[in-house]
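Protein chains: 2
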Amino acid sequence: MSTIAPPAPEASAGLREARQPSSKVAYFDKDEPLRLDAGRTLSPFHIAYETYGELNETKSNAIYVCHALTGDQYAASASPVTGKPGWWSSLIGPGKPIDTDRFFVVCSNVIGSCMGSTGPASIDLSTGTPYALDLPVLTIPDMVRAQAMLIDRLGIDQLFAVIGGSMGGMQCLQWTVAYPERVFCALPIATGARHSSQNIAFHEVGRQAVMADPEWHGGRYIQAGTRPHKGLAVARMAAHVTYLSEAALQRKFGRNLQDREQVGFGFDADFQIESYLRHQGMTFVDRFDANAYLYLTRAMDYFDIAAEHGGRLADAFRGVQTRFCLVSFSSDWLFPTEESRAIVHALNANAASVSFVEIETDKGHDAFLLDEPEFSGAVRGFVSSAARARGLNP
Amino acid sequence: MSTIAPPAPEASAGLREARQPSSKVAYFDKDEPLRLDAGRTLSPFHIAYETYGELNETKSNAIYVCHALTGDQYAASASPVTGKPGWWSSLIGPGKPIDTDRFFVVCSNVIGSCMGSTGPASIDLSTGTPYALDLPVLTIPDMVRAQAMLIDRLGIDQLFAVIGGSMGGMQCLQWTVAYPERVFCALPIATGARHSSQNIAFHEVGRQAVMADPEWHGGRYIQAGTRPHKGLAVARMAAHVTYLSEAALQRKFGRNLQDREQVGFGFDADFQIESYLRHQGMTFVDRFDANAYLYLTRAMDYFDIAAEHGGRLADAFRGVQTRFCLVSFSSDWLFPTEESRAIVHALNANAASVSFVEIETDKGHDAFLLDEPEFSGAVRGFVSSAARARGLNP
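Just so you know, the protein sequences line up as chains A and B, in that order. Just so you know, we're using the UniProt record's numbering here: the first sequence kicks off at 1 and counts up by one. Just so you know, we're using the UniProt record's numbering here: the second sequence kicks off at 1 and counts up by one.
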């Protein structure tokens, strides 16, 4: 299966605990439109989300976990699509660094995605067909605005923490500038305050790969009864190389051959790295919607938190009240340490409470999804000390 | 136009000065087959080449210039395909670092390419149709073996120098290990002794992009009367990002918008880097053959000069007689400086004459094709001093 069917239109009235197939879904009807940066509104819309742990009486122990580009709401529970454990199950759970015995964790599928929240595969009620490219182009601020509407629904005034890596880190930063009084502490990981030229370039390669596939049909592939699998697989392969480091690739695969003693003098996968990438491409298309890939990469490209402040990042954080811990990984060349450092400097200029950890690892950008002891330790330490400062007793 | 038509079969008998359309072409008939690493032979075959300057009486002043992946024989003269000046016209010419008043420069189109030498678009005499994927997969050693046959034809026993960057640098290294006595000095630039896992990965992405294009027709697109332009453009775009550095992209493009004051909330090219990449993709498909792109990327992937020596690079250079100058560029992440340094160490272990220059630049891998004063100076200095050592008086 690939995408979760959008909810029936008649289902979209008020929050309910319907699972779709396994998530909670918050429906926002026509009286609660989502204002979009594109100058339009999205209405009705819905957000699929998961929660872990219990909200305390004062509603002061909520942690919003924001997922990355191809992530989903299943941060700490098995994905019904892939059957795999939650993507951050190493970090989130009873007794884990994000301790669900103490905290109420919310993780929602971003709008524009394809795992149950409104996205390009959802039905456009004005036409009765999937939005495809008629969905307005969404931004990181749009995603976060929707998340704020969800926590309003849940009756939460202030989040104890917002935590996320990569695109999740962008949402995390956006939370602190859009709703400074609603975020006690923030943990933006392996991210940047704006998408770099090189990162835009790689995303554009991916989008062109999708749109070059004739099965894309100008975005209307669902009606055409097909999927641009080949283009999306190429996009995923190109992106996947950027998630790893040269050193990790060399260590893991090197020039090792795939099931053979010498090269095959052909265009089959000779090298293990080739098989690995092909596998990444093929499995991705089974779980992800091609148009959602276009929308989410675009949202990341558009992200530039300083843009409205003449490019002055320090100004973007003026009046910031949130406590920060920034984490980068030494071999991450997609969001290199200097990107985190620039944020730290901007926060310092506002006398914010900031700590910063660069984790030494050769695992590249992907390290934020892996079980790296030093990383887990940093998360545990920051969350615990911020909880003490917030008066949340263990 | 895209590829140059292969020569008529009847034209392939002996060397002649036929131009095709503007190159000299050396034909190798059935009595002179090219032995291939794939365990087969290529016969007949032909090599298109250009020469600059005059061969001296003792035939001791010849410099072989080896081109990179998408390069051609037009190193110092305008390309008849693009009309652009030769790709190394900043380095090669009268009074230039590779001084055609002193040296006889030979630059040939590698076999497997599409600019006049035998490649996948050439006619397979056994079928009367283009080879497409029936051409055996070629290697860097195969290319160099063909080049050695060309200099035999030209009556040159020993080359004064072999010079090349990137894939040209691989050929350069191969010359020194396959024909140590035939190369007085060598200038391998921005290259490596083997293709890294990451580089194989990017090539595989490009190949998959080409082969995913339904217009590729299993390689038989010429007969189908079409070309896999979209797939090849995506491949070129992906590769092009790797030729630049993050710093250069940021300096040149940053997040600058294309002809607009704000983002367009769509999937057209909003950012200058997107337009630039799309342009790179579109112009490339007009000048390059998709199957040739598959063959040449494969040849680079297969390159591993130490493979036959149990991975011991120093052993590959045993008995080396050539004087070396290696050049790397500080911001080149495709062939980082450490790749050159590994070659230097291996040569040092053989007490070879080696110099090594790392050029400080933010221009990435592409720097070897740009007019970088420090780089030109290094080439001029090394060529001049080697010429003195060779007894070639100015």
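Built from N, CA and C at the ideal position, the CB exists for glycine as well. As the structure is a prediction and not an experimental result, all values here were calculated from the model.
When you compare the CB of residue i with every CB in chain A, is at least one pair closer than 9 Å?
| i | result |
| --- | --- |
| Glu181 (chain B) | no |
| His345 (chain B) | no |
| His195 (chain B) | yes |
| Leu296 (chain B) | no |
| Gln250 (chain B) | yes |
| residue 411 (chain B) | Chain B is shown only over 1 to 394; residue 411 (chain B) falls outside these bounds and no answer can be derived. |
| Tyr293 (chain B) | no |
| Pro136 (chain B) | yes |
| Tyr302 (chain B) | yes |
| Lys24 (chain B) | no |
| Ile273 (chain B) | yes |
| Ala269 (chain B) | yes |
| Val110 (chain B) | no |
| Val234 (chain B) | yes |
Would you say residue i faces chain B, with C-beta separation under 9 Å as the test?
| i | result |
| --- | --- |
| His279 (chain A) | no |
| Ala212 (chain A) | yes |
| Trp175 (chain A) | no |
| Val285 (chain A) | no |
| Leu313 (chain A) | no |
| Phe335 (chain A) | no |
| Asp101 (chain A) | no |
| Phe253 (chain A) | yes |
| Asp37 (chain A) | yes |
| Gln208 (chain A) | yes |
| Gly381 (chain A) | no |
| Phe324 (chain A) | no |
Under a three-way DSSP split, which group does residue i fall into?
| i | result |
| --- | --- |
| Ser43 (chain A) | coil |
| Leu15 (chain B) | Confidence at Leu15 (chain B) is low in this model, with a pLDDT of 33, below 50, so its placement is unreliable and no value can be given for it. |
| Ser166 (chain A) | coil |
| Lys108 (chain B) | One detail in the question is off: residue 108 (chain B) reads as Ser in this sequence, not Lys. Reduced to three states, the DSSP call for Ser108 (chain B) is strand. |
| residue 397 (chain B) | The shown model of chain B, from 1 to 394, leaves out residue 397 (chain B), and the question about it has no answer. |
| Ile156 (chain A) | coil |
| Asp304 (chain A) | strand |
| Arg388 (chain B) | helix |
| Phe288 (chain B) | coil |
| Gly93 (chain B) | strand |
| Cys114 (chain B) | coil |
| Val25 (chain B) | strand |
| Leu187 (chain A) | strand |
| Ile359 (chain B) | strand |
| Arg318 (chain B) | coil |
| Arg312 (chain A) | coil |
| Phe202 (chain A) | helix |
From the DSSP output, read off the bridge partner residues of residue i.
| i | result |
| --- | --- |
| Val354 (chain B) | B:Phe324 |
| Tyr64 (chain B) | B:Val106 and B:Val162 |
| Glu50 (chain B) | B:Cys107 |
| Pro373 (chain A) | According to DSSP, which records beta bridges pairwise, Pro373 (chain A) is partnered with nothing at all. |
| Thr129 (chain B) | B:Asp124 |
| Asp99 (chain A) | A:Gly93 |
| residue 398 (chain B) | Within the shown structure, residues of chain B are numbered from 1 to 394, placing residue 398 (chain B) beyond reach of any answer. |
For residue i, which option in the options has the closest C-alpha, if you only look at C-alpha atoms?
| i | options | result |
| --- | --- | --- |
| Thr242 (chain A) | B:Leu392, B:Ser353, B:Leu334 and B:Asp304 | B:Leu334 |
| Pro130 (chain B) | B:Val144, B:Gly112, B:Val210 and B:Ser245 | B:Gly112 |
| Phe265 (chain A) | B:Pro394, B:Leu138, B:Gly83 and B:Val110 | B:Leu138 |
| Leu257 (chain A) | A:Ser245, A:Glu246, A:Gln250 and A:Asp270 | A:Asp270 |
| Gln171 (chain A) | A:Ser328, A:Leu69 and A:Phe375 | A:Leu69 |
| Met167 (chain B) | B:Ala178, B:Asp124 and B:His67 | B:His67 |
| His309 (chain A) | A:Val177, A:Glu246, A:Ala26 and A:Lys230 | A:Val177 |
| Glu54 (chain A) | A:Phe329, A:Leu154 and A:Met149 | A:Leu154 |
| Met282 (chain A) | A:Val144, A:Leu232 and A:Ala247 | A:Leu232 |
| Pro394 (chain B) | B:Arg102, B:Thr41 and B:Val25 | B:Arg102 |
| Gln136 (chain A) | A:Leu91, A:Pro228 and A:Leu294 | As written in the sequence, residue 136 (chain A) is Pro, which differs from the Gln given in the question. When each option's Cα is compared against that of Pro136 (chain A), the closest is A:Leu294. |
| Leu249 (chain B) | B:Pro120, B:Lys96 and B:Asp362 | B:Asp362 |
Return the chain-ordered list of same chain residues with a C-beta closer than 8 Å to the C-beta of residue i, the five sequence neighbours on each side being excluded.
| i | result |
| --- | --- |
| Ala342 (chain A) | Gly192, Ala193 and Leu313 |
| Gly319 (chain A) | Pro180 and Asn350 |
| Lys84 (chain B) | Ala78 |
| Arg16 (chain B) | Any reading at Arg16 (chain B) is ruled out, since the residue's pLDDT is 36, under 50, leaving its predicted position unreliable. |
Identify, in the order they occur along the chain, each residue of the same chain with its Cβ nearer than 6 Å to the Cβ of residue i, setting aside the five sequence neighbours on each side.
| i | result |
| --- | --- |
| Val81 (chain A) | Arg287 |
| Ala5 (chain A) | Model confidence at Ala5 (chain A) stands at a pLDDT of 39, short of 50, so the residue's coordinates are unreliable and nothing is read from them. |
| Gly219 (chain B) | Ala132, Leu133 and Asn291 |
| Ser245 (chain A) | Ser331, Asp362 and Gly364 |
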